[in-house]
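Enquirer:
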Amino acid sequence: MEIKDLDYNIKYDEATKTVKFTGSIRLQNLPAYEPIKSFLRDAAKLCQGSLLTLDFRDLQFVNSSGITTLSMFIIDSRKSATYQIKIQGSLNISWQSKSLSNFKKLWDQVILEIA
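According to our numbering, the residues represented by the sequence shown are 66 to 180, in order.
Shown next, in the form of structure tokens:
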């Protein structure tokens with residue numbers, strides 16, 4: 066599974082159960098993020114009973130609507146609790162350490178790796 070755009074790419078690797086985000090995501094509003102939200106739900110369905118990794122290490126930027134969409138996905142995941150989430154981020158990308166650590170506040174079972 067993959068979403069390709071001029072500015073960003075989101076790819077699911079079924080072998081590693083990892084969703085990799087690259088580029089910059091600057092969509093207009095929450096409804097514009099619906100395909101990404103649906104993509105994440107589909108990836109989560111493939112990970113039932115195991116670990117889903119969200120790899121943001123190559124995502125240079127995501128706007129507030131994108132952070133909200135990701136937050137809603139974490140909350141939905143917490144409610145279903147049929148899989149676990151690991152989030153990978155980079156200390157070299159300024160928005161990641163603060164924003165990604167907030168996901169742990171939404172669901173304390175999130176595994177957070179920011180290096």
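Cβ atoms here follow ideal geometry from the backbone N, Cα and C, with glycine treated the same way.
Computed from a prediction, not measured in an experiment: that's the story for all the values here.
Kindly list the residues whose CB is nearer than 7 Å to the CB of V175, restricted to its own chain and excluding five residues on each side of it in sequence; keep chain order.
Expert: Closer than 7 Å at the Cβ level, and outside the excluded window around V175, lie I139, I150, I152, F168 and K169.
Enquirer: Please determine, among S130, K102 and L111, the residue with the shortest C-alpha to C-alpha distance to T83.
Expert: For the residues S130, K102 and L111, the minimum Cα distance to T83 belongs to L111.
Enquirer: Taking only the alpha-carbon atoms, compute the straight-line gap between P100 and S164 and give it to the nearest angstrom.
Expert: If I take the Cα positions, the gap works out to 21 Å.
Enquirer: To which residues of the same chain is D107 closer than 7 Å at the C-beta, ignoring the five residues directly before and after it?
Expert: Around D107: M66.
Enquirer: Return the first residue and the last residue of the alpha helix (DSSP H) that I140 is part of.
Expert: Start and end: S129 to S145.
Enquirer: According to DSSP, which residues form a beta bridge with S89?
Expert: Beta-bridge pairing links S89 to F126.
Enquirer: So K76 is in the beta strand (DSSP E); what residue range does that whole segment cover?
Expert: Residues Y73 to D78.
Enquirer: From what residue to what residue does the alpha helix (DSSP H) around Q161 run?
Expert: Unbroken alpha helix (DSSP H) run through Q161: S159 to L171.
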